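Structure first, commentary second.
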Amino acid sequence: MSVRPLIIEPGSPWENSYIESFNGKMRDELLDREIFYSLKEELIQGIVDRMPAAWQYPEIACARAILEGQEFKTENFRETPWKQTSEIVLHGERIGYLELDYLEKKPESD
């Protein structure tokens, strides 16, 4: 009696649909994460540096992003009570947040 491996051809889900489905989803998840994490730190810092320009008073705005414990912030960043924050979620998992602060109080918006 001899034993030989049974090779399931990739893309043949009818041979083992559960494994093919799992492998496909895992491949997609890993690829998405790899693309996300392959962003250069300089690119993320560049995005953070440009975020204050989107606020009404960019001259007194600062920004910070925390991604899985790593901090990116503008040179003038200081945490203040006048801020907005938003979570960064990737595939349903919270991986960080964005924060935009004003360095001084401004009138409430309409």
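Quick note on the working numbering: the sequence shown kicks off at 246 and runs consecutively.
C-beta atoms are modelled at their ideal positions from N, C-alpha and C, and glycine is treated no differently.
Here the structure is a predicted model, which is why all the values come from computation and not from measurement.
query                                                                                                                   : result
Residue interval of the alpha helix (DSSP H) (run including Arg339)                                                     : Run containing Arg339: none in the alpha helix (DSSP H); it sits in the beta strand (DSSP E), 338-347.
Contacting residues, own chain, Cβ-Cβ under 8 Å from Tyr302 (five flanking each side not counted)                       : Tyr347, Lys351
For Arg309, the residue or residues it bridges with in DSSP                                                             : Lys318, Glu344
Of the listed residues Ile333, Asp294, His336, nearest to Glu321 (C-alpha basis)                                        : Reading off the sequence shown, one finds Asn at residue 321, where the question assumed Glu. Here the closest residue by C-alpha is Asp294.
Buried or exposed (CB count within 10 angstroms, at least 16 for buried), Arg309                                        : buried
Buried versus exposed, by CB contacts within 10 Å (16 or more), Pro297                                                  : buried
Neighbourhood of Arg339 by C-beta distance below 8 Å, restricted to the same chain and skipping five residues each side : Glu332, Ile333
Opening and closing residue of the beta strand (DSSP E) in which Glu353 lies                                            : Here Glu353 belongs to no beta strand (DSSP E), and DSSP marks it neither H nor E.
Closest residue to Phe317 among Gly341, Glu349, Arg249 (Cα-Cα distance)                                                 : Gly341
Host alpha helix (DSSP H) of Glu287 (start-end)                                                                         : 286-295
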